[in-house]
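Engineer: Before I ask anything, let me first share the structure, which is written out below as structure tokens.
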Amino acid sequence: MRLKTAAALLLLGLVALVAGVGQLTWWAPDEQVTASLPADTPAAPLTVIDTKLRDLRGGEATLTIRGEGNFSLSAGRPDDVAAWVGKTAHTTIDGASSDGKVLSAAHADGDPSSPNPAGADVFATTQNASGTLEYHWDVPDNGDWQLLLATDGKAPAPQDVTITWPSNATTPWAVPLIVIGALLLAGGIVLAILDRRRGSRPGGPGVPGHTQPADATSAIPEVPRRAPGSGQGTAVRAVHDAGQGRQRTARRTVPGAAATALAVLLAAAGLGAAPAQATTAPSPSGTGSPSASASGSPTEAPKERVLLEDQLSRILNQTASAVQAGDDAKDAGKLSPRVDGSALLARTQNYKVRAAVASAPAVAPVRASKLLTSVVTTQRSWPRTVIAVTQGEGNTTPQLLTLRQATARDNYKLIEAAPLLPGATFPGTAKSGADQLPLDAKDGLSYSPADAIGGVSDRLTHADSSWKDRIADNAYINDTIGYQADIVAKGPNGNFTAKHTLVGGEATAFRTADGGALVMAPLDFVLEGTPKESGDKLTLADDAAALAGGKEATTKMTLTFRESLMIYVPKDGATAQMTVIGATRNLSAASVS
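The following block contains the structure:
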């Protein structure tokens, strides 16, 4: 019986050992699992890839794209990607099958093409590739991101898309099976050795030729009876009991060994079950959703700047290059990709004047560096407006550059450019982004942005304006009022009027860090003159005559200057005055009749 048990233990141990070693070697699962885009996915010019796929199966994932020719992979915030895609037909990849071998793809019909998204301002980064691209999910910043895959927006996006994750497959029974196998083998060997030793013991059970007496007690010689207390009877009983004890022990030997082996097996099985119990144990903390606040309500998502620092620097560099190209050639056509609004009007007219008057000064150059500070909106809708403060070669004081993006598919364009006035301080805004304010909302300010623009307009128009004591005097205000007075003084035969009015839809207001507001506003400064008497004439300067098409006016003359202003409005209750911190004016139109 003992030999059979030993053989069974040896066989079970060998099987368990081979199974355990096999799970670590030839039966080991793959270290990686690769999911592919289904072959029957309809072609589309754009493919959206959700970056949550990076962590879908844990560990570091690799996105591999193979295509014919050139293609691009751009990273953007989900709402920015959605705005760019718009109504264009596209494929969205946002998941994978449970075994991690097939990517989940949804196709949406729509327009057959879009502009080429490579390098578009709305995307934080773009990687260009040809043939094959491996992407390791190095997203530009914290928060949610998506990827946009395209060729040129017209041809189908590459469809050979795979994502490789660590397989996360485990072999929890490998080590326990090895341990169990080793213990079973050891138990079998021990039982075999014990069986061999017992079989070789003289007179022991199982020895060939040995015959057990029918009655164990009859083998004891009969002893004459003695009187009680003589001790002989005690000795006889002791020997008799000892013999029975040996027989009982012999009968219990084999079942005891089996019980010992069973205990070893159960202990080993318990050892193997421990890891499984550990992985399924409930968390003692009982934590809920990580997005919930301490009170149990969802936390509000923080506001995000619409541009990252690198993104803004890239836009500024491209803007400065476009402006430099236009200035060098005196060609407004070269400005159109990156300049619009007041900035485009000022340079276009300046090129015309300088073509006719060689001595006419140029508009101050636009520099991308050094970037001193910026105001980046957190407003996710369009149009989006940002302000950059730079100072480079040719800028005697820092420049206040206002750029605006009309739609997700448009580039940011320079719409206003003004120097920071001497002695002025640019107010700080939140590093995380600035909130935009409605122009008609006071919202904790001493004046609403609209009232502030109206007050500055009145102050620039009238030397005795009722706003005089509420707006700090500075060089620009004094120069403007002085210029208007000088025109009157130099034209005694004319009647002149001046007015400063808000134009266009470019005005924007941002909340500053101290609770005040920064207001950007373009104004038209219009100066009109008529002769006092019949026969009188009003004469224009050479630069105005270049735009007017003549130098003399016998009926009426009009000069129009585009002013770019930056106004600081203090918070409600502050003792500080409202201040014009940046300003410039450029001749934009002239006429004579």
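Residue numbers for the sequence shown follow our numbering, so the first one is 201 and each next one is one higher. Glycine residues also receive a C-beta, built at the ideal position from the N, C-alpha and C atoms.
Please report the distance separating the alpha-carbon of R538 from that of G319.
Structural biologist: Approximately 14 Å between the Cα atoms of the pair.
Engineer: Can you check which of these residues, E334, P245, Q591, S648, is closest to V361 by C-alpha distance?
Structural biologist: E334
Engineer: Would you please state the rounded distance, in angstroms, between the beta carbons of L601 and L614? I believe it to be under 8 Å.
Structural biologist: 6 Å
Engineer: Assign H290 to buried or exposed, taking buried as 16 or more other Cβ atoms, counted over all protein chains shown, within 10 Å of its Cβ.
Structural biologist: Around the beta carbon of H290, a 10 Å sphere encloses 16 or more other beta carbons of the protein chains shown; the residue is thus reported as buried.
Engineer: Tell me the DSSP secondary structure of P366 in three-state form.
Structural biologist: strand
Engineer: Span of the alpha helix (DSSP H) holding T519?
Structural biologist: 509 to 529
Engineer: Go to Q777, then tell me how far its beta strand (DSSP E) extends in each direction, as first and last residue.
Structural biologist: It is not in any beta strand (DSSP E) - Q777 carries neither H nor E in the DSSP assignment.
Engineer: With distances taken Cα to Cα, identify the nearest neighbour of R567 among L516, N270, R547, A608.
Structural biologist: L516
Engineer: Going by DSSP, name the residue or residues bridged to K613.
Structural biologist: K613 has R604 as its beta-bridge partners, per DSSP.
Engineer: Would you check if the distance between the CB atom of N693 and the CB atom of P638 is smaller than 8 Å?
Structural biologist: Not a contact, by the Cβ cut-off of 8 Å.
Engineer: Where does K737 fall in DSSP's three states?
Structural biologist: coil
Engineer: Skipping 5 residues on each side, what residues in its chain have a beta carbon closer than 6 Å to that of Q579?
Structural biologist: So the qualifying residues of the chain are Q636.
Engineer: CB-CB under 7 Å to K668, same chain, minus the five flanking residues each way: which ones, in chain order?
Structural biologist: R659
Engineer: Grab the span of the beta strand (DSSP E) containing N800 for me, first residue to last.
Structural biologist: There is simply no residue 800 to check, as the chain begins at 201 and stops at 793 in what is shown.
Engineer: Please state if the CB of A546 and the CB of N786 are separated by a distance shorter than 8 Å.
Structural biologist: yes
Engineer: Output the distance between the C-alpha atoms of A624 and I781, rounded to the nearest integer angstrom.
Structural biologist: Approximately 5 Å, taken between the alpha carbons.
Engineer: Should H336 be labelled buried (16 or more other beta-carbon atoms within 10 Å of its own) or exposed?
Structural biologist: exposed
Engineer: P731 by DSSP, collapsed to three states: which one?
Structural biologist: strand
Engineer: Going residue by residue through the region 286 to 341, where are the continuous beta strand (DSSP E) segments of at least 3 residues, counting only ones entirely within it?
Structural biologist: 290 to 296, 303 to 308, 325 to 335, all fully within the region 286 to 341.
Engineer: Please report how far the alpha carbon of E509 lies from the alpha carbon of L738, in whole angstroms.
Structural biologist: Approximately 52 Å, taken between the alpha carbons.
Engineer: Determine the direct distance from the alpha carbon of G533 to that of R609, and round the result to whole angstroms.
Structural biologist: 20 Å
Engineer: What does the Cβ neighbour count give for A216, buried or exposed, with the cut at 16 atoms within 10 Å?
Structural biologist: buried
Engineer: With DSSP as the reference, identify every bridge partner of A753, one or two as the case may be.
Structural biologist: L738
Engineer: To the nearest whole angstrom, what separates the beta carbons of L256 and A296, a pair I think is in contact under 8 Å?
Structural biologist: 6 Å
Engineer: How far does the beta strand (DSSP E) with V586 in it reach, from first residue to last?
Structural biologist: 584 to 590
Engineer: Taking 7 Å as the limit between beta carbons, can you name the residues of its chain near K803, skipping five residues before and five after?
Structural biologist: Given a span of 201 to 793 for the chain in the structure shown, any question on residue 803 remains unanswerable.
Engineer: Do the CB positions of L535 and V523 come within less than 8 Å of each other?
Structural biologist: yes
Engineer: In whole angstroms, what separates the C-alpha of K771 from that of L718?
Structural biologist: 11 Å
Engineer: Going by C-alpha distance, which of I363, G267, A282 is nearest D299?
Structural biologist: I363
Engineer: Mind checking which residues open and close the alpha helix (DSSP H) that includes I653?
Structural biologist: 649 to 661
Engineer: Note down the Cα distance separating L349 from A243, rounded to an integer number of angstroms.
Structural biologist: 12 Å
Engineer: Run through the DSSP bridge pairs and tell me what D250 is partnered with.
Structural biologist: Q346
Engineer: Cβ of A652 within 8 Å of Cβ of M778?
Structural biologist: yes
Engineer: If I'm right that T326 touches S272 with Cβ under 8 Å, what's the distance once you round it to whole angstroms?
Structural biologist: 5 Å
Engineer: Give me the Cβ distance between P577 and V506, rounded to the nearest whole Å; I'm assuming they're in contact under 8 Å.
Structural biologist: Per the sequence shown, residue 577 should be read as Thr rather than Pro. T577 to V506, Cβ: 6 Å. Contact.
Engineer: Out of S665, A275, P238, state which residue places its alpha-carbon closest to the alpha-carbon of G343.
Structural biologist: The candidate whose alpha carbon is nearest that of G343 is A275.
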